[in-house]
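Read through the structure below, which is laid out as structure tokens, and then see the notes.
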Amino acid sequence: MPSRRTISEEEIEDGLNVVAQLIDRYGDVYWPVFERLERELEDRRSRSLRVRARLARGKHDEISIDVSS
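Just so it is clear: in the sequence shown, position 61 is 63 by the numbering used here, and no numbers are missing.
In structure tokens:
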């Protein structure tokens, strides 16, 4: 079974650059791949921003969480 690892935002950006070149050279056949990579990058950035915003709002309401059990 192949190992699963998280693909970085930088790797997605690199992929977008490659697919943009493919679209430029071969046409819109690769457009769905481009859109998928853009959506993944946008979703990740949105999640990250939302979590940071929530953490910034919650600084005054910090709680203790026991994860040892």
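Don't be surprised by glycine CBs; every beta carbon is placed ideally from N, CA and C. These numbers were taken from a predicted model, which means no experiment stands behind them.
The C-beta distance from residue 42 to residue 14 rounds to 6 Å, short enough to fall under 8 Å. At a Cβ-Cβ threshold of 7 Å, residue 32 and residue 21 count as neighbours. Check the Cα spacing between residue 11 and each of 61, 57, 48 and 55: the tightest is with 48. If you draw a straight line from the Cα of residue 25 to the Cα of residue 54, it is about 35 Å long. Nearest in C-alpha terms to residue 34, of all of 58, 17 and 7, is 17.
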